[in-house]
Amino acid sequence: MMEKGKSRQTREQSGSSAMREVFGKPSSLKDVPTHFCSGCGHGIVHRIIAEVVDELGIRERLVGISPVGCAVLGYEYWDFDVSEAAHGRTPAVATGMKRARPDLIIFTYQGDGDLAAIGTAELIHVANRGENITVIFVNNGVYGMTGGQMAPTTLEGQITATTPAGRTLEGCGAPLKIPEMIAPFPGTKYLARTALNNPKNIITAKRSIKKAFQCQIDNIGFSLVEILSPCPTYWRVSPLDALKWIKEKMMPYFPLGEIKTPN
Amino acid sequence: MTKKVLMCGNDAMSEAAVRAGCRFYFGYPITPQNEVAAYMSRRMPEVGGTFIQAESEIAAINMVFGAAAVGARAMTSSSSPGISLKQEGISYLCGCELPAVIANVVRGGPGLGSIGPSQADYFQATRGGGHGDYRTIALAPSTVQEVVDLTYISFELADKYRNPVLILSDGILGQMMEPAVLPDFADGDQPPKEWTLTGAKSRSPNVIRSLYLDVDLLEKFNFKLQEKFQQMEREETRFEEVNMSDTQVVVVAYGSVARICRSAVRRLREAGEKVGLFRPITVWPFPYEALARAAEKARVLLAVEMSMGQMVEDVRLAVAGSKPVSFFGRVGGCVMTVEEVVREVKKLLEEAA
Amino acid sequence: MNKAERLIAMAKVVIRKDRCKACRFCVDFCPKQILAMSDDLNVRGVHYACLVDEEKCTGCAVCGLVCPDVAIEVYK
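Residue numbers (my numbering), protein chains in the order written: chain G, 7 to 269; chain P, 111 to 463; chain A, 1337 to 1412.
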């Protein structure tokens, strides 16, 4: 039978060279099924973070902070030190950790409510202070865990549990563009927006996450990677249609790219 | 010869914290405790510590959370409205079993209130202003020396129980200057904490969490917390009795009000009256048994507070209906005078005669 | 199949069917279009992705890349 394993497992095949695993579960990810919905982007982001952690070899000096939101159970999936934080306070918790242990690599993992609603002040100030931490911002344009309410990044016209007629600019304001908002702060060093809608963009997302962690490892300063992520359940579309939604609706408003890089 | 320094309560609290091994202070300006942040902003760099003026009191308590999670001795301070903001954070600290010290230099309330002294945060401090079944040791100093001594042990207590500890100061204590002896710097080596987040090297990962979706697990966890709180009740209750032998009226007061009552009791004793002072030093755990015992031979108790009557409820609980309990208070930042307390006690003595 | 094809065909995808949540990302993005949904159901009550033409698999691992549930291992 096929042996699954971390790397370089071989299997004899009749009359040919042995096969080895070229893709599998990263070792910093636990081998457990996740609670995420079918087609949810969190599964991909959790995995590519774990891959980056393995590739950079930072697992033993890493602390992750999970948000309040669908990703609260990060510690069930990641095989490294993790803390919860009160909703939105994640960057403040990260600040306390990094100041007390600057040798540790600290990252926050936040959704659009945690980061851009209740946590706006903490985000602005961790970025403005230029704390040498990494923020992974998973933007799926809704509050998933609580049933699909409007988020600060919900698009104009988007129907949610609290915008049954679609989000209007008047009354709700425009969706927030976070990396652009904090780019002017001298304390921000690497800011990128990526998406999960196709293999090429997933690879770019992983590359951005790696760059962000490297920015912290090299003591350059604050990094943030926004990732446009599908929520088929609350966009009320199939998983594949959710990927189309990212391309057709989100990317025109939230352009991909590196908004700021260290010079 | 031990050297005495003349310091205001806020400065003394800060220096005591530093000497207790606190190297992380996160705060936000609010009167009447701004001296703490100012002192720490100067002192922390001197001892290789860290000072941050956070963007809000909420951010500050969460920075404390982070520093505590990685094993540091961390502190924040604020005053009444800011302490209200910290309640979520305090609940989370308890739920995650994290040590921390939170100082409240209490001011008049409710709402924005006044910047004068008050004791109207007693319910918040002793009944937990945050959500859930939790307790925090609440230390109530009465002199600048006690501010020093209690702040100094608060970090040890926080670490001992993996639980936040509150220091209940007030606008008088924070601002007044008194001589105090400062403790020596605590030994640098604190006991190791295996539960902290320090990178999963040569061990399985640690997790700091308070979420337990399995309700049976959460119940079990709450029982575990209760065991800690019961141990605190057994081992950490502190109080003082002044002139309590042969007493007709027991005055119960804490913090700076206890100083005023101490003077009132002395004056009344000099006039031949049988009056004593019972002073809780921990308002949680409240010294219920000791107060009940002390009041056994008395005729009436008088709770004196800078509030509309909060500690008085614990006094009533202590005597369980066996003695009448009266109350006298001033609020809004107003402070009762020794004469006012004397007058109240005399009224009770007359009624009891 | 000639020798060149046989060598290229030495790649295989293993899908843990009970981890599959039927999002169909792998089916959609497979460059060789050799993944499809099963006829039967897994423990989750959904049709799961399967490799239907192993000989055409190049081991590119796009399927693994897009899978949110780490249900796919790729061997080459």
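Yeah, the Cβ is synthetic: ideal placement off N, Cα and C, and Gly gets one too. This structure is a prediction, so every number in the text was calculated from the model and none was measured.
Quiz item: Name the DSSP bridge partner or partners of P:Met287?
Solution: Here residue 287 of chain P refers to the residue found at position 177 when the second sequence is read from its first residue. Bridge partners of P:Met287: P:Cys118.
Quiz item: If we ignore side chains and look at the alpha-carbon of each, how far apart do P:Gly218 and P:Pro191 end up?
Solution: Residue 218 of chain P sits at position 108 when you count from the first residue of the second sequence. Residue 191 of chain P sits at position 81 when you count from the first residue of the second sequence. When rounded, the distance between both Cα atoms is 10 Å.
Quiz item: Going along chain P in order, which residues have a C-beta closer than 9 Å to the C-beta of G:Val88?
Solution: The residue given as residue 88 of chain G occupies position 82 in the first sequence. Under the 9 Å cutoff, chain P gives Leu307, Pro315, Asn316, Val317, Ile318 and Arg319.
Exercise. Output the boundary residues of the beta strand (DSSP E) element that contains G:Tyr196.
Key: Within the first sequence, the letter at position 190 stands for residue 196 of chain G. Its beta strand (DSSP E) spans residues Thr194 to Ala201.
Quiz prompt | Sequence ranges, beta strand (DSSP E) only - wholly within the segment 395 to 453 of chain P, length at least 3 | solution = 410 to 415 and 435 to 439
Exercise. For G:Ile165, name the three-state secondary structure that DSSP assigns.
Key: Here residue 165 of chain G refers to the residue found at position 159 when the first sequence is read from its first residue. The answer is coil: DSSP assigns G:Ile165 none of H, G, I, E or B.
Practice problem: Answer with buried or exposed for A:Lys1357, where buried requires no fewer than 16 other C-beta atoms within 10 angstroms of its C-beta. | Solution: Here residue 1357 of chain A corresponds to residue number 21 of the third sequence, with the count starting at 1. It is buried - the Cβ of A:Lys1357 has at least 16 other Cβ atoms within 10 Å.
Quiz prompt | Reduced DSSP secondary structure (H/G/I, E/B, other) of P:Pro227 | solution = By 1-based counting over the second sequence, the position of residue 227 of chain P is 117. It is a strand residue.
Practice problem: For P:Val258, collect the residues of the same chain with a Cβ closer than 6 Å to its Cβ; drop the 5 residues on either side in sequence, then sort them by chain order. | Solution: Taking the first residue of the second sequence as 1, we reach residue 258 of chain P at position 148. Ala122, Ala126 and Ala290, listed in sequence order.
Quiz item: Is any beta-carbon of chain G found at less than 8 Å from that of P:Gly176?
Solution: Counted from its first residue, the second sequence places residue 176 of chain P at position 66. Judged by the 8 Å Cβ criterion, P:Gly176 is in contact with chain G.
Practice problem: With a 10 Å radius around its C-beta and 16 neighbouring C-beta atoms as the bar for buried, classify P:Glu415 as buried or exposed. | Solution: To locate residue 415 of chain P, count along the second sequence from 1; it is residue 305. Buried, by the Cβ-count rule.
Quiz prompt | Segment limits, beta strand (DSSP E) that includes G:Phe113 | solution = Numbered from its first residue, the first sequence carries residue 113 of chain G at position 107. Counting along the chain, the beta strand (DSSP E) containing G:Phe113 begins and ends at Ile111 to Gly117.
Exercise. Can you have a look at P:Lys407 and say buried or exposed, based on whether 16 or more other CB atoms are within 10 angstroms of its CB?
Key: Here residue 407 of chain P refers to the residue found at position 297 of the second sequence. By the neighbour-count rule (16 or more Cβ atoms within 10 Å), P:Lys407 is not buried but exposed.
Exercise. Please decide whether G:Leu79 counts as near chain A, where near means a Cβ-Cβ distance under 8 Å.
Key: Within the first sequence, residue 79 of chain G is the residue found at index 73, counting from 1. So, not an interface residue.
Quiz item: In chain order, what residues of the segment 106 to 130 of chain G put their CB closer than 7 Å to some CB of chain P?
Solution: Ala106, Arg107, Leu110, Ala127 and Glu128
Quiz prompt | Contact list for A:Cys1359 against chain G, beta-carbon separation under 7 Å | solution = As a first step, residue 1359 of chain A is located in the third sequence; it is residue number 23 there, counting from the start. Simply Ser44, Gly45 and Pro245.
Quiz item: What three-state label does DSSP hand G:Asp85 in the structure shown?
Solution: If you number the first sequence from 1, residue 85 of chain G lands on position 79. Of the three classes helix, strand and coil, the one that applies to G:Asp85 here is coil, per DSSP.
Quiz item: Listed from N- to C-terminal order along the chain, which residues in the segment 46 to 62 of chain G have their beta-carbon within a distance smaller than 8 Å of any beta-carbon of chain A?
Solution: Cys46, Gly47, His48, Gly49, Ile50 and Arg53
Quiz item: Looking at the unbroken beta strand (DSSP E) that takes in G:Asn269, where does it start and where does it end?
Solution: On the first sequence, residue 269 of chain G is found 263 positions in, with the first residue counted as 1. Element bounds for G:Asn269: n/a, residue is neither H nor E.
Exercise. Determine whether the Cβ of P:Lys311 lies closer than 8 Å to any Cβ atom of chain G.
Key: Here residue 311 of chain P is taken as the residue at index 201 of the second sequence, counted from 1. Output row for P:Lys311: interface = yes.
Self-check item: Assigned secondary structure, P:Thr160 (DSSP; H/G/I helix, E/B strand, else coil)
Solution: As a position in the second sequence, residue 160 of chain P is number 50, starting the count at 1. In this structure, P:Thr160 counts as strand in the three-state DSSP scheme.
Quiz prompt | Test: A:Leu1377 CB closer than 8 Å to a CB of chain G | solution = Counted from its first residue, the third sequence places residue 1377 of chain A at position 41. By this cut-off, A:Leu1377 is not an interface position.
Self-check item: Sub-8 Å separation of G:Ile184 and G:Phe219 beta-carbons
Solution: If you number the first sequence from 1, residue 184 of chain G lands on position 178. If you number the first sequence from 1, residue 219 of chain G lands on position 213. No, these two residues do not count as a Cβ contact at 8 Å.
Quiz item: Using the beta-carbon count (16 or more within 10 Å), is G:Met8 buried or exposed?
Solution: Along the first sequence, one-based indexing puts residue 8 of chain G at 2. The predicted model places G:Met8 with a pLDDT of 40, which falls under 50 and marks its position as unreliable, so this point remains unresolved.
Practice problem: Verify whether the separation of the beta carbon atoms of P:Phe437 and P:Val451 is less than 8 Å. | Solution: If you number the second sequence from 1, residue 437 of chain P lands on position 327. If you number the second sequence from 1, residue 451 of chain P lands on position 341. For P:Phe437 and P:Val451, no; Cβs fall outside 8 Å.
Quiz item: Since G:Tyr149 sits in a beta bridge, which residues does DSSP pair it with?
Solution: One-based indexing of the first sequence puts residue 149 of chain G at position 143. Looking at the DSSP assignment, G:Tyr149 forms a beta bridge with G:Gln155.
Quiz item: Looking at the C-beta of G:Leu262, does it have a partner C-beta in chain A at a distance below 8 Å?
Solution: Position 256 of the first sequence, counted from the start, is the residue given in the question as residue 262 of chain G. It does not; no Cβ of chain A falls within 8 Å.
Self-check item: Contact set for P:Tyr202: own chain, Cβ-Cβ below 7 Å, skip 5 residues either direction
Solution: For this step, residue 202 of chain P is matched to residue 92 along the second sequence. Correct list, in chain order: Phe175 and Ser320.
Exercise. Name, please, each residue of chain G whose Cβ falls closer than 7 Å to the Cβ of P:Glu460.
Key: Residue mapping note: residue 460 of chain P aligns to position 350 of the second sequence, counting from 1. In chain order: nothing, as chain G lies at least about 54 Å away.
Quiz item: Along the segment 1345 to 1356 of chain A, what residues have a CB closer than 7 Å to any CB found in chain G?
Solution: Met1346, Lys1348, Val1350 and Arg1355
Self-check item: Beta carbon proximity, A:Gly1381 to chain G, threshold 8 Å
Solution: For the purposes of this step, residue 1381 of chain A is taken as the residue at position 45 of the third sequence. So no, A:Gly1381 is outside the interface.
Quiz item: Shorter than 8 Å from the beta carbon of G:Asn204 to some beta carbon of chain A?
Solution: The count along the first sequence starts at 1 and reaches residue 204 of chain G at position 198. Chain A contact via Cβ: present.
Quiz item: Straight-line CA distance for G:Ser34 to G:Asp85?
Solution: Locating residue 34 of chain G in the first sequence gives position 28, counting from the first residue. Locating residue 85 of chain G in the first sequence gives position 79, counting from the first residue. In a straight line, the C-alpha of G:Ser34 is about 5 Å away from that of G:Asp85.
Quiz prompt | Inter-residue CB distance, G:Ala189 and G:Lys266 (contact presumed, cutoff 8 Å) | solution = Against the first sequence, residue 189 of chain G aligns to sequence position 183. Against the first sequence, residue 266 of chain G aligns to sequence position 260. The pair is a contact, with the Cβ atoms about 5 Å apart (cut-off 8 Å).
Quiz item: Do we get a CB-CB distance below 8 Å when we pair G:Lys250 with the residues of chain A?
Solution: In the first sequence, the residue the question calls residue 250 of chain G occupies position 244. It does not: the Cβ of G:Lys250 has no partner Cβ on chain A nearer than 8 Å.
Quiz item: Shortest alpha-carbon distance to G:Gly49 belongs to which of G:Glu162, G:Ser235 and G:Tyr259?
Solution: On the first sequence, position 43 is the one that residue 49 of chain G refers to. Checking every option, the nearest Cα to that of G:Gly49 belongs to G:Ser235.
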